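Novice: Here's a structure for you.
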Amino acid sequence: MFDKPIALVILQVRHVTASGIRIFTPDIPGVGKLRIRYPVMPFHEEGNNIYKNLMALQEITMDMSAYTRMLEKPPGFAGTVSYFIT
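Reminder that position 60 of the sequence shown reads as 197 in this note's numbering, one-by-one numbering, no gaps.
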């Protein structure tokens, strides 16, 4: 940008916003703007891979009879030894 003589450089003024953590929240109807001291993390987890894996594990664990094919080893119940012929 500044490789031309200074007299020929045209600077354009642009509107910018700060990046990073917000200190003030946007205007909340009925409340107004709030100043926050610490960052507020998102509460939603639906898109997170850890959440998806946890929900899949919960589904398998809660209904093992339907999902036995997904387990590496068939489950043994209450300390019993299970023998499977393959």
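No residue lacks a Cβ here, since even glycine has one placed at the ideal position from N, Cα and C.
Note that the structure is a prediction, hence the values are computed from the model and not measured.
1) From Asn190, Met207, Pro176, Leu171, pick the residue whose C-alpha is nearest to that of Gly157; which is it?
2) Name the residue from Thr198, Arg174, Gly169, Pro211 whose alpha carbon lies nearest to the alpha carbon of Arg159.
3) Measuring straight from C-alpha to C-alpha, what distance separates Pro212 and Gly167?
Specialist: In short, the structure shows the following:
1) Pro176
2) Arg174
3) 55 Å
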